[in-house]
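S.K.: Quick one: this structure, given as structure tokens, is what I'll be asking you about.
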Amino acid sequence: MSAEAAKILLKAEGLSKTFGHVRALRDVSLEIHDSDILAIVGDNGAGKSTLTKILSGVHQPDSGEIELMGRPVRIANPRKARELGIATVFQNLALVDCRDVAANLFLGREPTRWRFVVDRRKMLDDARRVISRLRVSIPSATVEVGQLSGGQRQSIAIGRAASQQARIIIMDEPTAALGVKESHKVLDLIRQLKAAGAAVVVISHNMRHVFSVADRILVLRRGQLVGVRRKQETAPDEIVRMIVGADAL
Amino acid sequence: MSDVPQTSSQDYEDAENAALAPHDGEGEGFTQTARQAFVSRVLQSRNLATFVAGSALFAAFSFATPLFLSSGSLLNMMRNVSFTAIVAVGMTYLLIAGEIDLSVGSVYGFLTVVMGVLVGRLHFEPWLAMFAIILLGLFVGLINGLLVTRVGIPAFIVTLALLAAYRSLAIVVSNQLPINVDPHGSFYDLTGGYIQGVFPWLIVWLLGAVLVGGLVLSQTKFGYHVYATGGNAEAARNSGVDVRRVKTICFMIVSGLCAIVAALLIGYLHIAAPITGTGFEFRVIGAVVVGGVALRGGRGSVFGAFMGACIIGMISSGLVLLGFSQYWTDIATGALIMGVGALDILASRAGAAGLKVFSWRKAGGLQ
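Those protein sequences? They're chains A and B, same order as listed. Residue 0 is where the first sequence starts when you use numbering that gives the first Met the number 0, and the numbers rise one by one after that. Residue 0 is where the second sequence starts when you use numbering that gives the first Met the number 0, and the numbers rise one by one after that.
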């Protein structure tokens, strides 16, 4: 266990969110540390997606505070989240199928010349760099994303988040739809991102993947925080007990 | 505790890591050369197909009647195409963004009548009146945009209702009578007149709209956002694109262009009639669909819409020159639009099936 104090990038306290009569999150607090992989686990309906959508700026919390590098912030929308250095890979990938790889990689942040005109050459060059760093095979930067396989599409979505030079990268179920080989690549990529200095937050319900890659594990149950454990100090058994509620086992 | 020797999870992980380490040639970045990628895109190009079909149609009409190729009838055809094509440029933006405006014909008629009143009865300077109805057109588009994106009423419903409203407004404002204007001044020369007495200014306006509209849609950040908004609005929103603003601007572009053609029509015909634009939405949306713009959004181009408008204009002009009455052209246009729609569906099904076979083969087929 490291003797250095963990550098806290983001601290959220007392986050609550209600949709209609469903209390998705109740008074949840968490910390995101520098160069640290935090896994968020929990059963269906535990509030994992809602929590990460709040951090991504897609939803606004009904109550609670968020501090980034010690300063209180309001993540008002996805653009603001990106400005604050938070990049997100959504569960449904959020790709535009009829557009090509390059357009998807830089969706919303297209490089420009003269302020309005898209710098297509730079976009293609940057796309090439991102794809080769991901170590995936893609036909070309101009192929339509809808024509790619699930694993390739997942790589594009991850590449988009990874190339934003974000301090915090959030991934919602990055391996859920992938086979063994492709999941392996994704987990490798997550480790690469950590090595490059980012903090990664991964939602997953795959215990093996969680234990393969996480430094800390945060458990949610029915919208509430059950606890946070360092991976070295816990085991899958304990985490599963926390997910379903110790009394249920 | 079981006394069967267990593989530790670390052993398992090491074995998996070794087995899954990348082999030579895997994860190699782009697998196609630039040329292969280019050829692939060209072969799949809807614009290329439209161009070939349009050229074939042009050749067919040219052979069928020598009148078709006379400069008089070609320029006449392009002049008629201009009105549809200019608004089709804006409709392209709107459809690609995933919305629609059924009221373009009525807005066109309404704005024509307003300008007719400003110039013909209130004696405004025509350029000033044009500027005024452009502002009015932009305002019409803004209302459409707000109703659709803020209130949440589907565009189909909003513009269907306004189709009736603006038509009625045109009749009320004009008192059911066409309004004549006095055609003297630079405005009439530069809209309905001819360069060197030969080349219609209308076509200059058309080419300007197609060029500017096409470049903005394909080369600017805003254009990229239009495609993203129509392709997957939620994905665009999650990536920071202001979807509501993009859609509203597209509504404003369409209605603004309706104002421009309203002014051009007055410059050309010297008269503003309340029935102007009846059936116009059929021609505009038809042109855009023939040109490859998908009704569900995300696909298409201004150049394609321009070709679509030309093809529809060709059919109209060609059939009339061949001796058919005006009414047959609408039937032919309808048949064309339906045919194009069917072809597009068949092509995308064949494409998806071909892709499946291709990927299956690439993955090793039957092994």
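Each residue gets a CB set at the ideal place from its N, CA and C atoms; glycine is no exception.
How would you label B:A304, buried or exposed, when you count the other beta carbons within 10 angstroms and need 16 or more for buried?
M.R.: Position 305 of the second sequence, counted from the first residue, corresponds to residue 304 of chain B. Answer is buried; the Cβ neighbour count reaches 16.
S.K.: Who pairs with A:L224 in a beta bridge, going by DSSP?
M.R.: Mapped onto the first sequence, residue 224 of chain A falls at position 225. Its beta-bridge partners are A:L219.
S.K.: Please name the residues in the segment 101 to 112 of chain A whose beta-carbon is closer than 8 Å to at least one beta-carbon of chain B, in chain order.
M.R.: Result list: A102, L106, G107, R108, E109, T111.
S.K.: Quick check on B:Y223 - is its C-beta less than 7 Å from some C-beta in chain A?
M.R.: Residue 223 of chain B sits at position 224 when you count from the first residue of the second sequence. It does; some Cβ of chain A falls within 7 Å.
S.K.: Secondary structure at A:L6, three-state DSSP: helix, strand or coil?
M.R.: As a position in the first sequence, residue 6 of chain A is number 7, starting the count at 1. The sequence shown places Lys at residue 6 of chain A, rather than the Leu named in the question. In the structure shown, A:K6 sits in coil (DSSP, three-state: anything other than H, G, I, E or B).
S.K.: Which class does A:M68 belong to by DSSP, given the choice of helix, strand or coil?
M.R.: Against the first sequence, residue 68 of chain A aligns to sequence position 69. Coil, per DSSP.
S.K.: Going by DSSP, which residues form a beta bridge with A:L37?
M.R.: In the first sequence, the residue the question calls residue 37 of chain A occupies position 38. Note: A:L37 sits in a beta bridge opposite A:V200, A:R215.
S.K.: Drop a sphere of 10 angstroms on the beta-carbon of B:S102, count the other beta-carbons inside from all chains shown, and report buried for 16 or more, exposed for fewer.
M.R.: Counted from its first residue, the second sequence places residue 102 of chain B at position 103. The residue is buried, with at least 16 neighbouring Cβ atoms inside 10 Å.
S.K.: Just the Cα atoms here: how many angstroms apart are A:E237 and A:V225?
M.R.: Locating residue 237 of chain A in the first sequence gives position 238, where the first residue counts as 1. Locating residue 225 of chain A in the first sequence gives position 226, where the first residue counts as 1. So the alpha carbons of these two residues sit roughly 12 Å apart.
S.K.: Taking 7 Å as the CB-CB cut-off, is B:T247 touching chain A?
M.R.: Counting from one through the second sequence, the residue named residue 247 of chain B turns up at place 248. Not an interface residue.
S.K.: Leaving aside the five residues before and after B:G53 along the sequence, list all residues of the same chain whose C-beta is less than 7 Å from its C-beta, in chain order.
M.R.: Within the second sequence, numbered from 1, the residue matching residue 53 of chain B stands at position 54. Contacts found: M306, C309, I310.
S.K.: With DSSP as the reference, identify every bridge partner of A:I137, one or two as the case may be.
M.R.: Counting from one through the first sequence, the residue named residue 137 of chain A turns up at place 138. For A:I137, which the question treats as bridged, DSSP gives the partners B:F29.
S.K.: Name the DSSP bridge partner or partners of B:P199?
M.R.: As a first step, residue 199 of chain B must be located in the second sequence, where it is residue number 200. Bridge partners of B:P199: B:Y193.
S.K.: Using the C-alpha atoms, what's the distance from B:L318 back to B:W327?
M.R.: Within the second sequence, the letter at position 328 stands for residue 327 of chain B. Within the second sequence, the letter at position 319 stands for residue 318 of chain B. One C-alpha to the other measures close to 8 Å.
S.K.: Whose C-alpha, out of B:L117, B:D329, B:V139, B:V150, is nearest the C-alpha of B:M403?
M.R.: Residue numbering for chain B in the displayed model covers 0 to 366; residue 403 of chain B lies beyond these limits and cannot be assessed.
S.K.: Let me know the secondary structure DSSP gives A:A195 once reduced to three states.
M.R.: Here residue 195 of chain A refers to the residue found at position 196 of the first sequence. In this structure, A:A195 counts as coil in the three-state DSSP scheme.
S.K.: Could you tell me which chain A residues have their CB closer than 7 Å to the CB of B:V240, listed as they occur along the chain?
M.R.: Here residue 240 of chain B refers to the residue found at position 241 when the second sequence is read from its first residue. The answer, in chain order, is G107.
S.K.: Cβ of A:R159 versus every heavy atom of the ligand COA: is any distance shorter than 6 Å?
M.R.: No copy of the ligand COA occurs in the structure displayed, which carries no ligand at all.
S.K.: Using the beta-carbon of each residue, which ones in chain A are nearer than 7 Å to B:T219?
M.R.: Taking the second sequence and counting its residues from 1, the one referred to as residue 219 of chain B is at position 220. Per Cβ cutoff of 7 Å: F115, V116, V117.
S.K.: Excluding the 5 residues flanking A:L133 on each side, which residues of the same chain have their C-beta closer than 6 Å to its C-beta?
M.R.: Residue 133 of chain A sits at position 134 when you count from the first residue of the first sequence. Contacts found: S154, G158.
S.K.: Check A:A75 in the structure and name its three-state DSSP category.
M.R.: Walking along the first sequence from the start, residue 75 of chain A turns up at place 76. A:A75 falls in the coil class under three-state DSSP.
S.K.: Which one of B:V172, B:S324, B:V339, B:A48 has the shortest CA to CA distance from B:L294?
M.R.: Position 295 of the second sequence, counting from 1, holds the residue named residue 294 of chain B. Among B:V172, B:S324, B:V339, B:A48, the Cα nearest to that of B:L294 belongs to B:V339.
S.K.: In chain order, what residues of the same chain lie with their CB nearer than 7 Å to the CB of B:A331, ignoring the 5 residues before and after it?
M.R.: To locate residue 331 of chain B, count along the second sequence from 1; it is residue 332. These residues qualify, in order along the chain: I314, L318.
S.K.: Please state the DSSP three-state secondary structure of B:N231.
M.R.: Here residue 231 of chain B refers to the residue found at position 232 of the second sequence. It is coil, neither helix nor strand.
S.K.: Between A:L37 and A:R215, is the Cβ-Cβ spacing less than 7 Å?
M.R.: In the first sequence, the residue the question calls residue 37 of chain A occupies position 38. In the first sequence, the residue the question calls residue 215 of chain A occupies position 216. The answer is yes: Cβ separation under 7 Å.
S.K.: Go ahead and pull the three-state DSSP assignment for B:N179.
M.R.: Taking the first residue of the second sequence as position 1, residue 179 of chain B is located at position 180. Looking at B:N179 - three-state DSSP - the assignment turns out to be strand.
S.K.: Can you tell which of A:L83, A:C97, A:G46, A:S62 has its C-alpha closest to the C-alpha of B:A235?
M.R.: Position 236 of the second sequence, counting from 1, holds the residue named residue 235 of chain B. Looking at the Cα atoms, A:C97 is the closest of the given residues.
S.K.: Below 6 Å CB to CB, which residues in the same chain sit around B:I252 once its five sequence neighbours on both sides are set aside?
M.R.: For the purposes of this step, residue 252 of chain B is identified with residue 253 of the second sequence, where counting begins at 1. Within the same chain, B:I252 has close Cβ partners G89, Y92.
S.K.: If you draw a straight line from the C-alpha of A:G145 to the C-alpha of A:V129, how long is it?
M.R.: Residue numbering aside, residue 145 of chain A sits at position 146 when the first sequence is read from its first letter. Residue numbering aside, residue 129 of chain A sits at position 130 when the first sequence is read from its first letter. Taking the straight line joining both Cα atoms gives about 19 Å.
S.K.: Taking B:A59 as the reference, which of B:V113, B:L321, B:G140 has the closest Cα?
M.R.: Translated into the one-based positions of the second sequence, residue 59 of chain B becomes position 60. Among B:V113, B:L321, B:G140, the Cα nearest to that of B:A59 is on B:L321.
S.K.: Does DSSP put B:G333 in a helix, a strand or coil?
M.R.: For this step, residue 333 of chain B is matched to residue 334 along the second sequence. Helix, per DSSP.
S.K.: Got a sec? Which residues, its chain only, sit under 7 Å from A:N103 by beta carbon, not counting five neighbours each side?
M.R.: On the first sequence, residue 103 of chain A is found 104 positions in, with the first residue counted as 1. Excluding positions up to five away in sequence, the list reads L94, V95, V144, I155, R159.
S.K.: Reducing DSSP to helix, strand and coil, say where A:A86 ends up.
M.R.: Looking up residue 86 of chain A in the first sequence gives position 87. In the structure shown, A:A86 sits in a strand (DSSP, three-state: E or B).
S.K.: What residues are listed by DSSP as bridge partners for A:K16?
M.R.: Here residue 16 of chain A refers to the residue found at position 17 of the first sequence. Looking at the DSSP assignment, A:K16 forms a beta bridge with A:L24.
S.K.: How would you list, in chain order, the residues of chain B whose beta-carbon sits under 8 Å from the beta-carbon of A:R127?
M.R.: In the first sequence, residue 127 of chain A corresponds to position 128, counting from 1. Correct list: G28, F29.
S.K.: Within 7 Å of any Cβ in chain B, is that where the Cβ of A:P173 sits?
M.R.: As a working mapping, residue 173 of chain A is identified with position 174 in the first sequence. Chain B contact via Cβ: absent.
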